[in-house]
Amino acid sequence: MEFLEASETASPEEHRAHQESRLRELIRHAYGTVPYYRDVMDERGLKPTDIGSIEDLSKLPVLTKDDVRRAGDRLVSHSFNPKELRTAWTSATSESPLPVRWDRSVALMNHASYMRMRRWAGVPFGRPYATMQGTPVVPISQSKPPFWRHNPLWNQVLFSAISLSDESLPHYVRKIRECKAEMLETYPSCAYVMARFLEAKGEYLPLTCVITTGEPLFPNERAVMEERFQAPVFDAYGQAERVIFSSECEKHDGHHIFPEYGITEFLDGDGNDVPAGEFGLMIGTSLHNLAMPFIRYACGDIASRSDKICSCGRTLPMLGGLTRRAGDILVTPDGRMVPPIMVTWIVKFLEGVTNWQVVQESPEELLVLVVRDEPVRESELEGIRGYVSRRLGPEVRVRVELVPEIPRVGRGKSRHVLSRVPLVWGVPNRSSEPARLGGAP
Ligand SMILES: [Zn+2]
40 MEFLEASETA SPEEHRAHQE SRLRELIRHA YGTVPYYRDV MDERGLKPTD
90 IGSIEDLSKL PVLTKDDVRR AGDRLVSHSF NPKELRTAWT SATSESPLPV
140 RWDRSVALMN HASYMRMRRW AGVPFGRPYA TMQGTPVVPI SQSKPPFWRH
190 NPLWNQVLFS AISLSDESLP HYVRKIRECK AEMLETYPSC AYVMARFLEA
240 KGEYLPLTCV ITTGEPLFPN ERAVMEERFQ APVFDAYGQA ERVIFSSECE
290 KHDGHHIFPE YGITEFLDGD GNDVPAGEFG LMIGTSLHNL AMPFIRYACG
340 DIASRSDKIC SCGRTLPMLG GLTRRAGDIL VTPDGRMVPP IMVTWIVKFL
390 EGVTNWQVVQ ESPEELLVLV VRDEPVRESE LEGIRGYVSR RLGPEVRVRV
440 ELVPEIPRVG RGKSRHVLSR VPLVWGVPNR SSEPARLGGA P
C-alpha cells in the first residue's frame, strides 16, 4: 500500500523501469519453472535475456483462452506447493471459464490495488464498509434477516447479492445504517436495484462513496445511485486472471490503469499496437502471479488507451473507453432481483462453447442458448440445473437449446443475459430501454 501510494506521482520512466524489472524476473521464472513457457520460448529460439523491455514482449505470442485451456497444468509453475495456491475461475465472456491459480503475491497486490482505489474514494482501510459480491453469504431459502455476515478484521459487512427483494431490502438498508458503512462495494446492478428501491420509498442512504465492478456501469444508472446514496460512484475494472486493474479517481474522468499491477497492451486483430484513442483487444501481463504466469493474455475485453493526463495530478496512465458485456437483472418467482454476473457462471458447466445467452421471458423459466457442435450431456444439464436452483430458486425450470448463432440485440451489441421481466417498483429491465445504453462505448 505504501509503495502504491508513493508510485502515484512517479514519472513515466520510473513506472517503466519498475515494470521492466518485474518483467525480467517473470520471464526468467517462467522459462525456468513453467513447462508451457519453456516450450514457447524454445520453439522461437528465445532465451530469458532476449526479453528485457516492454517492446521485447512482442517476441512472445498472445496467450488466448484456448491456449490456457490446452496448456492446463503446464501453465502452472512447479516451484510452488499446489496446496498453497488459491483457485479462481476466468470470467465467462464468450467461452467456458477456466481455473486460474493465484499465489500469495498476486493476492496481496490485488488487495493493495483495491485499497488504493478505496483511499481515492475517501474510505481508507479500517473504515466500516459493506460488500455485496459473488460470495454466497446466505442460502436463498432464507427469507428473514440476517442476509449478511461480519468480517471484523476488515471492518466489513458482507451482504448476499442474490437476496435483494422488496421484502428484504428494508433490512439491508437498516443494516447498512446500523453498521455505519461509509462505502458500498458491489456490482452496478445491485447498487442500482438498491437505489431504485430507495427512490420508490422516497428515502436516501447517505454514504461516502459507492464502488462498482464486474459489470458495465450505465450513465443513467450511475445518476440514480449518486442521487439516492448522495455519494459519488467510483467504477473499477479487474478480472480473475489478475492481469489488468483500473479504476476511476475522484475526478471521474475515465479509468487510471495501475501500471504496478501489470503491463497493458492494446492490439488489433493482426497483433499490431493500436494508437491512442482507438479501440483494441486488451492484452495484459501480470507482474505478480508467478504461480501461473499470464504473459500477453487476451482477457476478452475491448478498450482504448488515452494520452490524456488526469487533472488529479497522478501520473498513472488512462483508459479511453472500456467495453464490458451488458446483461439484464434477473427476477425470480419469489421477487428477488439477481445480478446478471451470477448466471453467467453457469457456462462453466459446458465445455467448448463458442457463444451463449441466457434468456428470461418469465420468472419461472430460464432458456440457455448454446452455440456448440456437440449436444448437451445430461451431466452438464444437471450441473446447470443445480446451479440455477441454488441462485434463482428450485422452482425455476431450465431449458438448454443448441442454436447456430446468438441473435444480437439493439446496436449490434451482444448480451449474455437478456430478461424481459420488469423489476418491481414499475422499473423496466435494461434491455427494454435501449436508449439507456447510449453512454456505453
Ligand atoms: Zn485521476
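Going by our numbering, the first residue of the sequence shown is number 40, and it counts up by one from there. For each residue, glycine too, the CB sits at the ideal point set by N, CA and C.
Out of curiosity, what's the CA-to-CA distance linking residue i and residue j?
{"i": "S202", "j": "G91", "result": "50 Å"}
{"i": "V162", "j": "F284", "result": "19 Å"}
{"i": "A270", "j": "L192", "result": "25 Å"}
{"i": "T393", "j": "R109", "result": "15 Å"}
{"i": "E238", "j": "D373", "result": "21 Å"}
{"i": "Y75", "j": "A151", "result": "29 Å"}
{"i": "L124", "j": "S204", "result": "37 Å"}
{"i": "P138", "j": "C338", "result": "14 Å"}
{"i": "R450", "j": "R143", "result": "Here the model assigns R450 a pLDDT of 46, short of 50, so the residue's position is not dependable, and the following value carries that caveat. So the alpha carbons of these two residues sit roughly 42 Å apart."}
{"i": "S116", "j": "G310", "result": "27 Å"}
{"i": "E413", "j": "C218", "result": "51 Å"}
{"i": "K98", "j": "L329", "result": "20 Å"}
{"i": "R375", "j": "L65", "result": "45 Å"}
{"i": "P167", "j": "N194", "result": "5 Å"}
{"i": "L457", "j": "P379", "result": "9 Å"}
{"i": "R364", "j": "A342", "result": "12 Å"}
{"i": "Y226", "j": "M331", "result": "27 Å"}
{"i": "K387", "j": "Y231", "result": "27 Å"}
{"i": "G427", "j": "V377", "result": "Per the sequence shown, the amino acid found at residue 427 is Val instead of Gly. Rounded to the nearest angstrom, the two C-alpha atoms are 11 Å apart."}
{"i": "E44", "j": "D292", "result": "20 Å"}
{"i": "E460", "j": "L114", "result": "Per the sequence shown, the amino acid found at residue 460 is Val instead of Glu. Rounded to the nearest angstrom, the two C-alpha atoms are 43 Å apart."}
{"i": "S207", "j": "K183", "result": "7 Å"}
Give the secondary structure of residue i by DSSP, where H, G and I count as helix, E and B as strand, and everything else as coil.
{"i": "S144", "result": "helix"}
{"i": "V407", "result": "strand"}
{"i": "N311", "result": "coil"}
{"i": "S470", "result": "helix"}
{"i": "M321", "result": "strand"}
{"i": "R235", "result": "helix"}
{"i": "Y300", "result": "coil"}
{"i": "G465", "result": "coil"}
{"i": "M171", "result": "strand"}
{"i": "R188", "result": "strand"}
{"i": "V79", "result": "helix"}
{"i": "N43", "result": "Just to set this straight, residue 43 is Leu in the shown sequence, not Asn. Looking at L43 - three-state DSSP - the assignment turns out to be helix."}
{"i": "S60", "result": "helix"}
{"i": "E400", "result": "strand"}
{"i": "L65", "result": "helix"}
Could you tell me which of the options sits nearest to residue i, measuring between CA atoms?
{"i": "A315", "options": "L361, V415, I385", "result": "L361"}
{"i": "W384", "options": "M376, C351, G253, V177", "result": "G253"}
{"i": "R63", "options": "Y76, L43, A45, P87", "result": "P87"}
{"i": "P165", "options": "N190, P178, S144", "result": "The residue asked about is misnamed: residue 165 is Gly in this sequence, not Pro. Nearest C-alpha to G165: N190."}
{"i": "D95", "options": "R140, P121, I302", "result": "I302"}
{"i": "V435", "options": "V382, T371, S458, V407", "result": "T371"}
{"i": "G323", "options": "I93, V196, P51, A49", "result": "I93"}
{"i": "C351", "options": "N259, R363, T48, R155", "result": "T48"}
{"i": "S149", "options": "P298, S470, V272", "result": "Note on residue identity: the sequence assigns Asn, not Ser, to residue 149. For the residues P298, S470, V272, the minimum Cα distance to N149 belongs to P298."}
{"i": "R335", "options": "M357, C349, E280", "result": "E280"}
{"i": "F119", "options": "S50, T103, W141, E419", "result": "W141"}
Which parts of the region 410-458 are runs of the beta strand (DSSP E), unbroken and 3 residues or longer, counting only runs that do not cross its ends?
436-441, 454-458
Got a list of residues with beta-carbon closer than 6 Å to any non-hydrogen atom of ligand 1, in chain order?
Listed by chain position, these are C288, K290, H295, C349, C351, R353.
Within the region 246-298, note down every full beta strand (DSSP E) run reaching 3 residues or more, in order along the chain.
248-251, 272-276, 285-287, 294-296
Where are the alpha helix (DSSP H) runs, 4 residues long or more, that stay fully inside the region 323-388, in chain order?
379-383
May I have a chain-ordered list of the beta strand (DSSP E) segments no shorter than 3 residues that lie completely inside the region 205-232?
222-225
Complete runs of the beta strand (DSSP E) confined to the region 88-166 [at least 3 residues]
Annotation: the region 88-166 contains the following complete segments of the beta strand (DSSP E) (minimum length 3 residues), in chain order: 125-128, 138-141.
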